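Each residue of the sequence shown is one higher than the one before, starting from 1 at the first, in UniProt numbering. Written below as structure tokens is the structure these notes are about.
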Amino acid sequence: MELIVQKFGGTSLSDAQSRGYVLRHIIREFKLGKRVVVVVSAMGRSGEPYATDSLLELVRSNGNALPGRERDMLLSCGELISATVLCSLLHAEGISAVALTGGQAGILTDDHYGSARILEIQCERMLRHLAEHQVVIVTGFQGMTRSGEITTLGRGGSDTSATALGAALKAGVVDIYTDVDGILTADPRWVSNARPLKTVSYEEISNMAHNGAKVIHPRAVEVAMKAGIPVRVRSTFSEGEGTLVTHAELLKSQGVWYDKTVTGLAHVRDVTQLAVTQVEGPADLQLRIFRAMASHAISVDFINVMPTGVHYTVSGHDASKAVALLRELGFEPRVRERCAKVSVIGGGMNGEPGVMAVIVEALTNSGIPILQSADSNTTIWVLISEEGLATALQALHTAFGLHLAPDRGH
Ligand code: ADP
Ligand code: ASP
Ligand code: MG
């Protein structure tokens, strides 16, 4: 009997109407005779009663004075509510279902509260319930340490729960249901004519996810890629097939994928650029700066080392700490806040001339200065001021014809 994992995100569970759609997807697969494992996120988004952000808000007024262990206990409640409510809906439809916490489902993690790693999944209990023709509902985003403590996997971690369960249970497919039609050429909240892609490779979506496309968590993609489990990102609110994510070679052999110069755009906001000019020997300057950042766990990006100094970026969240550290070292950095990093991503860009020229032309014609840039085989990154972000994304999307591109697989 085929096994399928279905994951439903927060907006898919936020009200009775949405949960009605969720129910339909579960019942459809169950009635096809599949063994169904459902992974749920906490209901709704920030401000809604049981959303993860709303739970966090409950302790924010205490200055977040809560140890990591107890914080994870609090965070795990949102998914528990979703799982039990969904369980009651299935029972009301006459379908036997069981709700399991991450720990009860056998998801064992390390003890890094707030960003725990899955060590192992013991599937016996889930398989037992499945053999009894029960739908198994597992709380996303959480697991348990070997000593029985509740842990969470990091924000957006329900996607990882789903692909990890898919890998452990050898699922035929993992369906990630969300509030958009699949993986689009850009974030539809920023680019109104972004188009859904029929197929993307693990590498491409991993690249997009690492560069800020929130539609799927990058760790979830890595887990699926390693296990070779196909993933479909699709809408809860339609019967559309969404985007199929699998190995590029497999898609190529089926004639449904080709290396496009540019597949999509992704972006990260609230980035701060720091520029330090040389006051001593360059080696010493770089060493001191990056050692200081590393020892305070400040992650650095967009590093340009020049004979005259260093430019790099940090997240806005870390900016004041980074500036204070630089001043302690005797440097006076030039600080540019509220920047955005835009990524132009495509598996077929390697060696393709002219991609940077298109980017520069599109941004120059829109009056947006490029503050820094970098590139790899599959991505070109540009740093711009955040106020130009919407214009830049739209201009690049148009310049690369992403609004026109035929969906892969057609
Ligand atoms: P969920 O609660 O279902 O996990 P998320 O908010 O985590 O949903 O992810 C879905 C959101 O990701 C969409 O609403 C969309 O705004 C955003 N997104 C960003 N980049 C993309 C992209 N390239 N394709 C599709 N959605 C994207
Ligand atoms: N509820 C968690 C979050 O908001 C996990 C998830 O939704 O994937 O981060
Ligand atoms: Mg998500």
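We put the CB at the ideal spot given by N, CA and C, even for glycine. This structure is a prediction, so every number in the text was calculated from the model and none was measured.
Going by DSSP, what residues sit across from residue i in a beta bridge?
i	result
W381	S343 and A374
V5	V37 and V174
T234	Checking the sequence shown, residue 234 turns out to be Arg, not Thr. Answer is Y177, bridged to R234.
M225	Per DSSP, none; premise fails for M225.
D301	T313
S158	Note: S158 sits in no beta bridge, so no partner.
T246	S201
I118	T109
residue 436	Any property of residue 436 remains undetermined from this structure, which presents the chain solely from 1 to 410.
I150	M144
A275	H311 and R334
T139	V40
P196	L184
M306	G309
Considering only residues of the same chain and omitting the five flanking positions on each side of residue i, which have a CB-CB separation below 6 Å?
i	result
L3	R35, L169 and A171
A194	L184, T185, A186 and P188
L326	P333
F237	Y21
I81	Y50
T163	V174, A220, V223 and A224
T263	E204, I345 and G346
A324	none
A99	A83, T84, C87 and I137
S46	D53
In whole angstroms, what is the alpha-carbon distance linking residue i and residue j?
i	j	result
A92	V135	13 Å
L58	E70	13 Å
H410	V245	Low local confidence applies: a pLDDT of 37 at H410 is under 50, so the model's placement there is unreliable, with the coordinate-based value given in what follows. If you take the alpha carbons of H410 and V245, they lie about 16 Å apart.
L165	E204	22 Å
L75	R128	28 Å
I231	V223	The sequence shown places Val at residue 231, rather than the Ile named in the question. Rounded to whole angstroms, V231 to V223 spans 11 Å at the Cα level.
F30	L89	14 Å
A362	L396	6 Å
M293	Q372	20 Å
Y177	V344	25 Å
G351	T261	10 Å
V305	Q142	40 Å
Q104	H403	45 Å
D318	G44	28 Å
T52	Q278	44 Å
G348	K252	13 Å
S376	F302	12 Å
A97	I121	20 Å
D175	Q254	20 Å
G148	T101	12 Å
L66	A42	20 Å
V85	Q17	13 Å
A297	S54	27 Å
A374	E387	21 Å
R24	L130	19 Å
L329	R338	24 Å
residue 460	G68	What the structure shows of the chain is the stretch from 1 to 410, and residue 460 is not part of that stretch, so it cannot be assessed.
S295	T364	38 Å
L197	L13	24 Å
Between which residues of its own chain and residue i is the CB-CB distance below 8 Å, once the five residues before and five after are set aside?
i	result
V360	I370
V173	I4, V5, G166, I229, P230, V231 and R232
N211	A266, H267, V268, K341, S343, I345, T379 and W381
H247	S201, Y202, M225 and G228
Looking only at its own chain, which residues have a Cβ that is under 7 Å from the Cβ of residue i, when we skip the five neighbours before and after it?
i	result
I27	E93 and I95
L119	L108, T109 and D110
A213	D187 and A266
I216	D159, I176, I205, A209 and V233
D15	none
T308	T277 and Q278
Could you tell me how far apart the beta carbons of residue i and residue j are, in whole angstroms, since I believe they sit closer than 8 Å?
i	j	result
S315	V271	6 Å
A340	I384	6 Å
S115	L153	7 Å
V233	G182	5 Å
V310	V335	Actually they are not in contact, since the Cβ atoms of V310 and V335 sit about 13 Å apart, beyond 8 Å.
T145	T109	6 Å
V191	L389	Not quite, the Cβ-Cβ distance comes to about 10 Å (not below 8 Å), so this is no contact.
G106	C123	6 Å
V138	S161	7 Å
T313	Q273	5 Å
F8	V37	About 12 Å; that fails the 8 Å criterion.
Legend entry - beta strand (DSSP E) runs contained entirely in the stretch 317–367, provided each spans 3 or more residues: You should have 334–345.
Legend entry - Uninterrupted alpha helix (DSSP H) stretches inside the stretch 23–106 (no shorter than 4 residues): Taking only runs of at least 4 residues, the alpha helix (DSSP H) segments lying wholly in the stretch 23–106 are 52–60 and 68–92.
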